[in-house]
Structures are given as C-alpha cells and as structure tokens.
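Accompanying notes for the structure given below.
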Amino acid sequence: MKEKSLLFTLLITALIAVGCNTDTGSNSQNSGSDNGASGNNESSIGSADSEVELSFWNFGADYGPLIEEYTEKNPDISINVRQMEVEDHQTNLFTSLSAGGGAPDLAAIEASEIDSYIRAENKFVNLLDLGAADLQEDYLDWAWETGLNIEGDFLLGLPADIGPTVMYYRADVFQEAGLPSEPDEVKELIQTWEDYRHTAETILNETGKKMVDNFETVFKAKRDQAPENFFNKEDELIIDSSPYMKEAYDQTAQWIEEGYTANLGMWSREWRNGIQEGSYATLLGPAWMGDIIKEYAPDESNWRIAPIPEGAGNWGGTWITIPEETEHAEEAYEFLTWLLAPEQQMKLFKERETFPTTPAVYEDAEFTQIADDYFGGQYAADLFAEAALEVPYIYKGPHYEDVNEEILIGLNNVYYGSDSEEEWEEIIGMVERRILR
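Residue numbers (mature numbering (1 follows the signal peptide of the UniProt record, and there is no 0)): -19 to -1, 1 to 418.
Quick look at the structure:
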C-alpha cells in the first residue's frame, strides 16, 4: 500500500511539473499504440468508415451496449474502448498525461483521485467551456461539486456512477441477540452512533459475535459524515486542529478496545466467509457492496438494509473526463453528455446496477419500485437513493489516500494492543513526513 501511494504522489508531482511545457497533439490515431497499457481489453465499436474515432479509457462499468446504441445513431463516430483494471488504468493515464502523448479522448477517473487530477487541470478540457454549466441541475449537487476546482471555474469531469453507503445487517444475528430485526425496526433502533454502540454491546454479550466486519468500515463511515476530512481547501493538513477526524479515530479505537469490531481484511477469505456465515452483525458499505454480498452468499436469506446512523457517505464512483490532447473535444463532449444523461444512466442501472448520479432517475417508478428478493423484498434502490441525496461534499486533497492509509495502519496497531493516544501521535508524525516527502 505504501509503495502504491508513493508512486501515485510521484506521478502526480511529475504531471503537474510538466503541465505547461508539453506539446499536445492528436491521440485518436494512437489509441492502439504501445503506451504501457497491460492486462486490458480493447474493442472498437462503430463503423470502420466513421469520420471520427474517439478513444475511451475506462475501468468498472461496461458501457458497451450504450456505445453501440450511440454509434448506430451517429454513424460518423466510432469509439475505441480500452477497459482496464483500475490500478493499470490509473498508472497508464498518469504516464500518458505526463509524457504529453498517448492519452485518450475520454478517460474515467476514480472518485478518490479527483482532487489530484484537478491540480493538473491544464491537462484536461474544461467542460464548462463546452457548455456543461447547463447540465448542473441534472446531477447530484455534491457529485457535481466534486468535479469542480476550488474556484468553481473549471469542471474536470461529469459524474458517471457513485457508491452511497448504507448499513447491511444480518437479521438472524439481531434475532439471536433478542433485538428487533425488521428494517423499519432496525432503522428506529439505530439512529445514532451511540445507538450503534449499545446494539454492539448487546450483540456481543448475547451472541459472542462482533458488530462489524472490520474497523476500517466504521472509520470510513464516520469520516465521510464529517464536514471536513484531512485537508482544508488550501491543502493545509488539519487532522490535528479540526475535531472531526480525531473524534472518528477515537470512537473507532474505543470500539476496537471494547471488542465490538472484528479485523477481517477486506476481500480476504475470512471476510468472504463472514458474509456467508453471519459471523458479524453489520457491514457498512456502498450500494455496489450489495452485489458482493450476493456473490459471496448466494443462498443466504438473512441480509437486510438500513441507513447508516447519522447519515450516509460515498464510497467509490467514477467521473469521466476529456484530456486536453484530444483533437475531437466537441465530439467527445457530445458523446459524454449523451452517455451520462438520466435516460442512459437508467438503462445502465437496469442492465448493470451501476448507481446513477442523476436524481431524476430516483423518481422513476422502474427505479424506486424494484423489490430485491435477496434483501427480503426491500426496495433497495430507493434506500440507496435516499442515502445518495444526503451525502455531503467533502474536499479530499491530493494526499488524501496517504493520510487515510496512515490512520488505518494506526487503528490496526490499536487492534493489536497499542495505546490509541500514542498511535495518534505516531500517525500525525508519519503523515507529516509522507506529505513532505
């Protein structure tokens, strides 16, 4: 993890440094060239005789059927799609932008990296210059603001999908502890973090089971509810001067010490088995985690959904940008705005369950009234939409992942017996050294 974060920092530093000194040129003709991409899947969609070929680097959601629809309606456009693993995508995009050649016409960016790319805004087309301001009301306020620079005069990308967070829980574990287990009852039972703690105490005492899979998800949930995280908008480190992150850390550390949290590594075999076996009571996660739960416990019938106490956050998501190198900015923008319009986002949700960023979709009966039998017939999409509408905008800053990683390392040490206050001081020192490196 540390090596990955350091590579990220070095790449963005290089990207900013060369920003104004690189020549830009066409990339559409080079979409199939050797630019360091590996382990990817590339396909060309549309007529071989099209006037314009757009290149699109993506990870995550498969836009293939929508792209086919678009190129059929616009035969003068073809689109070369390079689908990559997220880490390969990130490295290749940084490398091509830094080199000043080889970047695509359109590129997806993961949510936590947005603020870093905005620092190199001269490497991207300002979507406001192409008329994107007219689309602002189509998107969630916080998702739109995430793509803006601090001054509000540069829009890096449009939000394609998000991960509003909820509390997945095991109804059978709640029942075993003698607690209410129906979603409306659990929503009433756990409205605050103190309620969550009392419930954890009951579950531990009555069943011997942990309240949550790992401390990371608890810290993330509390972190994402705060009005500010690790940095202010001047990129000054504020975790030791602002109360919010210390409070999130302290409460997480307290629950570790009280035995309410497990330490099952995310995506580990033990974590996956816990989903199947119900070895913990809750899993705090995003909308897309529902599919993970279904995959790892396909025959289970006890998982349900309730709101996270004191408000939702966002975990993951994608913004789509237009790198400055393109010679087809207008064509790329026309495709992008069509692809991420409410109508297409609804189609993608129905086909892939990719969660939309356009609130108009949340009012569609086809969206709100889809009963999810796996979760006991709950209207899961409607619950996720309620969460999405209450997510706050949070400025992350370019060193966000570095700081977050150090806090989680510190909490892991607390889990294995370290003093939480001593660990906090160690975290502050490590963070200061990392961001100055």
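Cβ coordinates follow ideal geometry from the N, Cα and C atoms, glycine included. No experiment lies behind these values; they were computed from the predicted model shown.
Query, Result
"Can you tell me whether DSSP reads T(-7) as helix, strand or coil?", "Residue placement at T(-7) is poorly supported in this model, since its pLDDT is 49, which falls under 50; the coordinates are not used for a value here."
"According to DSSP, simplified to helix, strand and coil, what is R100?", "coil"
"Enumerate, from N- to C-terminal direction, the unbroken beta strand (DSSP E) stretches of 3 or more residues contained entirely within the stretch 229 to 267.", "261 to 267"
"With burial defined as no fewer than 16 other Cβ atoms inside 10 Å of the residue's Cβ, what is the status of P56: buried or exposed?", "exposed"
"Would you mind working out which of P373, E276, T188 sits nearest Y261, comparing C-alpha positions?", "T188"
"Going by DSSP, which residues form a beta bridge with M327?", "In the DSSP output, where bridge partners are listed per residue, M327 has none listed."
"Closest to E382 by CA distance: which of P145, T307, D96 is it?", "D96"
"At the level of alpha carbons, what is the spacing between K377 and L121?", "18 Å"
"In its own chain, which residues sit with a C-beta less than 6 Å from the C-beta of Q326, not counting the 5 before and 5 after it?", "P337, T339, V342"
"If we call anything under 7 Å between Cβ atoms a contact, is V372 one with W125?", "no"
"Note down, in chain order, each residue of its chain lying with its Cβ closer than 8 Å to the Cβ of Y51, except the 5 sequence neighbours on either side.", "I58, I60, F316, W319, L320"
"For P85, count neighbouring C-beta atoms within 10 Å of its own C-beta (all shown protein chains included) and say buried if the count is 16 or more, exposed if not.", "buried"
"Using the Cβ count rule (16 or more neighbours within 10 Å means buried), how would you classify L264?", "buried"
"Just curious, the alpha helix (DSSP H) that M411 is in, first and last residue?", "401 to 417"
"Look at T146 and W296 and say whether their C-beta atoms are less than 7 Å apart.", "yes"
"Expressed to the nearest angstrom, what Euclidean distance is found between the alpha-carbon atoms of A92 and A141?", "10 Å"
"Smallest Cα separation from E238: which of S399, A113, W38, D345?", "S399"
"Give the list of continuous beta strand (DSSP E) stretches no shorter than 3 residues that lie fully inside the stretch 275 to 329.", "284 to 287, 295 to 302"
"Is P337 helix, strand or coil by DSSP?", "coil"
"Measure the Cβ-Cβ separation of L87 and F37 and say whether it is below 7 Å.", "yes"
"Can you tell me the Cα-Cα spacing of R415 and A229, whole angstroms?", "21 Å"
"Pick out whichever of P208, G266, F356 has its Cα sitting closest to the Cα of P279.", "F356"
"What does the alpha-carbon distance come out to for the pair A181 and M192?", "5 Å"
"Kindly indicate the opening and closing residues of the beta strand (DSSP E) around N39.", "33 to 39"
"At the level of alpha carbons, what is the spacing between L370 and K275?", "25 Å"
"How many whole angstroms separate the CB atoms of D272 and E334, which I take to be in contact at a CB cut-off of 8 Å?", "6 Å"
"Use the C-beta contact count for Q71: other C-beta atoms within 10 angstroms, 16 or more gives buried, fewer gives exposed.", "buried"
"Where does I60 sit, in a helix, a strand or coil, going by DSSP?", "strand"
"Below 8 Å, how does it come out for the stretch 167 to 181 and the stretch 284 to 295: are there three or more Cβ pairs, yes or no?", "yes"
"How many angstroms separate the CA atom of R285 from the CA atom of Y277?", "15 Å"
"Using the DSSP secondary-structure output, state which residues sit across from T146 in a beta bridge.", "P267"
"For L269, which residues in the same chain have their Cβ closer than 6 Å to its Cβ, ignoring the five residues on either side in sequence?", "It should be noted that the sequence gives Trp, not Leu, for residue 269. These residues qualify, in order along the chain: G144."
"Measuring alpha carbon to alpha carbon, tell me which of W236, N283, L109 ends up nearest E258.", "N283"
"Locate the beta strand (DSSP E) running through S24, then write down its first and last residues.", "22 to 26"
"Pick from H179, E312, L329, F212: whose alpha carbon is nearest that of E32?", "E312"
"Unbroken alpha helix (DSSP H) runs of length 4 or more, entirely within the stretch 169 to 216: which are they?", "174 to 188, 196 to 204"
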